[in-house]
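In my numbering, the protein residues as written are 61 to 229. For reference, the structure discussed in these notes is given below.
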């Protein structure tokens, strides 16, 4: 019987002695904290009318992951998860939506303080090589502007595809 108790303790001891996971309470993890909250969104549609939506960003998984939930009243919905990759020191984001989009981005803070996430280059349906990027600009405690842009010249120039103004709700 003592042998079984000793064996059980020896097997259980490594499970108890597991190291605490590294904290996500770091300066690098805090770079995207401005985004956390509930946001009212406005943008100009292609036809010149004003579009509206909401976006809710929360911190989950012990503060290591940002979860985004985007809703546009026309029926477009999507979500993303973003985290700081400890191996590379870069932010990584995965976006999915109700139109079957699946997008991957890598990014970080630029020298001017703006956040930028970029996709890898890809070939679009017309055969053009493109890169997409998102930038968060003019960030204050209550507002900022988000730019969705595309480039067909490896990032030398960018074209706005969607600019959204965020206002805290």
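Just so it is clear, CB atoms sit at the ideal spot from N, CA and C, and this is done for glycine as well.
Quick one: is residue 192 buried, meaning 16 or more other Cβ sit within 10 Å of its Cβ, or exposed?
Counting from one through the chain shown, the residue named residue 192 turns up at place 132. So residue 192 counts as buried.
Limits of the beta strand (DSSP E) - the one that residue 89 falls within
Numbered from its first residue, the chain shown carries residue 89 at position 29. From DSSP, residue 89 is part of no beta strand (DSSP E); its letter is neither H nor E.
Among residues of its own chain, excluding the 5 on either side of residue 18, which ones have a beta-carbon nearer than 6 Å to its beta-carbon?
With the chain represented from 61 up to 229, any question about residue 18 goes unanswered, as that position is not in the structure.
For residue 149 and residue 203, what's the separation of their Cα atoms in angstroms?
Numbered from its first residue, the chain shown carries residue 149 at position 89. Numbered from its first residue, the chain shown carries residue 203 at position 143. Looking at the two C-alpha atoms, the distance is approximately 27 Å.
Quick one: using the 10 Å Cβ neighbour count with 16 as the cut-off for buried, is residue 226 buried or exposed?
One-based indexing of the chain shown puts residue 226 at position 166. Burial call: buried.
Taking a contact to mean a Cβ-Cβ separation below 9 Å, would you say residue 96 touches residue 144 in this structure?
Here the question's residue 96 lines up with position 36 in the chain shown. Here the question's residue 144 lines up with position 84 in the chain shown. No, the Cβ-Cβ distance between residue 96 and residue 144 is not below 9 Å.
Under the three-state DSSP convention, the category residue 99 falls into:
As a first step, residue 99 must be located in the chain shown, where it is residue number 39. It is a strand residue.
Which residue's Cα is closest to the Cα of residue 173: 124, 94, 79, 220?
Mapped onto the chain shown, residue 173 falls at position 113. Looking at the Cα atoms, 94 is the closest of the given residues.
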